[in-house]
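*Asks:* Once you've had a glance at the structure underneath, I'll fire off some questions.
Residue numbers (this note's numbering), protein chains in the order written: chain D, 1 to 276; chain W, 1001 to 1265.
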């Protein structure tokens, strides 16, 4: 008993030493509850990054690992009827869009896609598909390698809203990566209080940065917001072309120091900055 | 020239562009290059400015005296030569996408802030911490990829010492008005080894140790500085792309006021 007490005191002492890796006499960071180099500020959770640029980190939720569509269903209900082979899924034209059973909001999302070699057509009619965040907000998938279409309809566009800042497309037959940071819009009743924000890195090149989405994607009409929950499924579009996808995963995006949500700290830190 | 879009669609509210506007400029074409592996650095995008390609320090100077950078270059990387001081680029730049790879010494020595310490100073002032934080606790805001002294990384995505690690950074320089007042803080987004560790985070001000500093006005560009903190940390494959706006606009801007403004009937 006594030995156990001594042992636990020793453990407490050791933990105390570990907690002393920082400072307790430094000033507080303005607007935050933490001191500079605060010894009590929580340690960031440890994860194992992927071995390569496309492997998921250890805390990712895997939506497609190349084997089956068990995490997906048809948007019409029932099983997803796209083809799975050789580690990828492929749109089966006419079977309709598919979406994840999982619903999520603010996140880092990784997805890879490819336009098969020999895909014909031009403009919007060449290798068209789409990635709908929360089932509503589309990032365009298209063969935009030496294939001109309207700027806000090319690969990587926020469809009908923002063209990508540059066009870093690879040719047919090569896998392309989208690394996305997504903040879901927030509503207070019927009122939009924060638009959705998108950052998109296409093949390693930034094409959107913290871009406020204008609303739900439409064709030839204005985007508008309608209230919805802060989570939704990921939807992939059957636009009639056998586009391929692989390696799909996401990580919920949270805030600093264990806060459950990301938040804009600008006016926390700088309350007197002129507001837009 | 063929028409690729529409001229009869509604205007996106508060912008000069129609939905699918046939007159909206085509985005510039960029060859994306290839990602790095542990074995070899990748190929930067075709529009990148190469700051270090593994061969020499011709784009760098000593931050101490402006003379030649005296770090070691071998096998495609540069390595801190302790005591020679920080080095910085001759090139000065502001808003950008910056890619930089580094490796902490494979032979582990020291602990806490004393293990594989260096730093990436944007515009010579704002530090993203470089440290060997693989099974090496330190204060949270001094962890690898921390905005030093301000924000810990959201997660610790460190690789083992000796392995190549990657920072992909999106940086917005702070802006000051003509009287020197801050009108927009600096913002940073960082991917560490492919994992988001900061997202559009405003910086309190320039980096220091054990205190906070207010912003002091400076131009919207500055050099990239790498820190000699006494440990032989290695760097390779350093490049940046200036971050611009949509449709040929010269600067990134926050579109939130446009999107949130009332729509004309």
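The beta carbon of each residue, even a glycine, is placed where N, CA and C say it ideally should be. Treat the numbers as computed from the prediction; the structure is a model and nothing was measured.
Compile a chain-ordered list of the residues in the segment 139-153 of chain D whose CB is closer than 7 Å to at least one CB of chain W.
*Replies:* Against chain W - using a Cβ distance shorter than 7 Å - the residues of the segment 139-153 of chain D are 148, 149, 150, 151, 152 and 153.
*Asks:* For my contact list, residue 249 of chain D and residue 183 of chain D are in at a C-beta cut-off of 8 Å; report their separation, rounded to the angstrom.
*Replies:* Position 249 of the first chain holds residue 249 of chain D. Position 183 of the first chain holds residue 183 of chain D. Actually they are not in contact, since the Cβ atoms of residue 249 of chain D and residue 183 of chain D sit about 18 Å apart, beyond 8 Å.
*Asks:* Can you list the residues of chain D that residue 1260 of chain W reaches, using a CB-CB cut of under 8 Å?
*Replies:* What you label residue 1260 of chain W is simply residue 260 of the second chain in a count that begins at 1. In chain order: 192, 195 and 212.
*Asks:* When you compare each of W:1015, W:1014, W:1012 and W:1019 to residue 1006 of chain W by their alpha carbons, which one comes out closest?
*Replies:* Along the second chain, one-based indexing puts residue 1006 of chain W at 6. Cα-wise, what sits closest to residue 1006 of chain W is W:1019.
*Asks:* Do residue 49 of chain D and residue 1159 of chain W have their CB atoms nearer than 9 Å?
*Replies:* Within the first chain, residue 49 of chain D is the residue found at index 49, counting from 1. Within the second chain, residue 1159 of chain W is the residue found at index 159, counting from 1. Going by C-beta atoms, residue 49 of chain D is nearer than 9 Å to residue 1159 of chain W.
*Asks:* Run down chain W in chain order and give the residues with a C-beta less than 9 Å from the C-beta of residue 100 of chain D.
*Replies:* Residue mapping note: residue 100 of chain D aligns to position 100 of the first chain, counting from 1. Neighbours of residue 100 of chain D on chain W: none; closest Cβ ~20 Å, over 9 Å.
*Asks:* Since residue 110 of chain D and residue 59 of chain D should fall inside the 8 Å C-beta cutoff, what is the C-beta to C-beta distance between them, to a whole number of angstroms?
*Replies:* Here residue 110 of chain D corresponds to residue number 110 of the first chain, with the count starting at 1. Here residue 59 of chain D corresponds to residue number 59 of the first chain, with the count starting at 1. Not confirmed; about 13 Å, so no contact.
*Asks:* Checking contacts by CB at 9 Å: is residue 1028 of chain W closer than that to chain D?
*Replies:* Reading the second chain from its first residue, position 28 is the one you call residue 1028 of chain W. Judged by the 9 Å Cβ criterion, residue 1028 of chain W is in contact with chain D.
*Asks:* Starting from the N-terminal side, write out each stretch of the beta strand (DSSP E) that is 3 residues or longer and does not extend beyond the segment 60-104 of chain D.
*Replies:* Whole beta strand (DSSP E) segments, 3+ residues: 61-64, 72-74, 83-85, 88-90 and 98-100.
*Asks:* In angstroms, rounded to a whole number, what distance separates the CA positions of residue 266 of chain D and residue 96 of chain D?
*Replies:* The count along the first chain starts at 1 and reaches residue 266 of chain D at position 266. The count along the first chain starts at 1 and reaches residue 96 of chain D at position 96. Using only the alpha carbons, I get a separation of about 43 Å.
*Asks:* Determine the DSSP secondary structure at residue 1114 of chain W, reduced to helix, strand or coil.
*Replies:* Translated into the one-based positions of the second chain, residue 1114 of chain W becomes position 114. The answer is helix: DSSP assigns residue 1114 of chain W an H, G or I state.
*Asks:* Consult DSSP for residue 172 of chain D and reduce its assignment to one of helix, strand or coil.
*Replies:* Reading the first chain from its first residue, position 172 is the one you call residue 172 of chain D. Coil.
*Asks:* When DSSP labels each residue in this structure, what does residue 1052 of chain W get in the three-state scheme?
*Replies:* The count along the second chain starts at 1 and reaches residue 1052 of chain W at position 52. Here residue 1052 of chain W sits in strand by DSSP.
*Asks:* Just checking, does the segment 1072-1086 of chain W make contact with the segment 1131-1138 of chain W on the three C-beta pairs under 8 Å criterion?
*Replies:* No, the segment 1072-1086 of chain W is not in contact with the segment 1131-1138 of chain W.
*Asks:* Compile a chain-ordered list of the residues in the segment 163-183 of chain D whose CB is closer than 9 Å to at least one CB of chain W.
*Replies:* Listed by position along the chain: 163, 164, 165, 166, 167, 168, 169, 170, 176, 177, 179, 181 and 183.
*Asks:* Counting only Cβ pairs nearer than 8 Å, list the residues of chain W close to residue 249 of chain D.
*Replies:* Along the first chain, read from residue 1 onward, the residue named residue 249 of chain D stands at position 249. Here the premise fails: no neighbours, minimum Cβ distance about 11 Å.
*Asks:* Can you check whether the C-beta of residue 1022 of chain W is within less than 9 Å of a C-beta belonging to chain D?
*Replies:* The residue given as residue 1022 of chain W occupies position 22 in the second chain. Answer yes: the Cβ-Cβ gap between residue 1022 of chain W and chain D drops below 9 Å somewhere.
*Asks:* For the putative contact between residue 103 of chain D and residue 231 of chain D, defined by C-beta atoms under 8 Å, what is the C-beta separation to the nearest angstrom?
*Replies:* Your numbering for residue 103 of chain D matches position 103 in the first chain. Your numbering for residue 231 of chain D matches position 231 in the first chain. That pair is a contact at about 4 Å.
*Asks:* Using the rule of at least 16 other Cβ atoms within 10 Å of the residue's Cβ for burial, across every protein chain shown, is residue 1039 of chain W buried or exposed?
*Replies:* Start at 1 with the first residue of the second chain, and residue 1039 of chain W comes out as number 39. So residue 1039 of chain W ends up on the exposed side.
*Asks:* Within its chain, find whatever has a CB closer than 6 Å to the CB of residue 1170 of chain W; leave out the 5 residues flanking it on each side and keep chain order.
*Replies:* Within the second chain, numbered from 1, the residue matching residue 1170 of chain W stands at position 170. So the list reads 1097 and 1189, once near-sequence residues are dropped.
*Asks:* What residues in the segment 27-42 of chain D have a beta carbon less than 8 Å from any beta carbon of chain W?
*Replies:* Residues 27, 29, 30, 34, 36, 37, 38, 39, 41 and 42.
*Asks:* Spell out whether any CB of chain B is found under 9 Å from the CB atom of residue 21 of chain D.
*Replies:* In the structure shown, chain B cannot be found, because the protein chains are D and W.
*Asks:* What's the gap between the Cα of residue 1226 of chain W and the Cα of residue 1237 of chain W?
*Replies:* Here residue 1226 of chain W refers to the residue found at position 226 of the second chain. Here residue 1237 of chain W refers to the residue found at position 237 of the second chain. Rounded to the nearest angstrom, the two C-alpha atoms are 14 Å apart.
*Asks:* Answer yes or no: does any C-beta atom of chain D fall closer than 9 Å to that of residue 1070 of chain W?
*Replies:* The sequence position of residue 1070 of chain W within the second chain is 70, counting from 1. By this cut-off, residue 1070 of chain W is not an interface position.
*Asks:* Using a beta-carbon distance cut-off of less than 7 Å, what residues from the segment 1143-1166 of chain W approach chain D?
*Replies:* From the segment 1143-1166 of chain W, only 1143, 1149, 1150, 1151, 1152, 1153, 1154, 1155, 1156, 1157 and 1159 have a Cβ closer than 7 Å to chain D.
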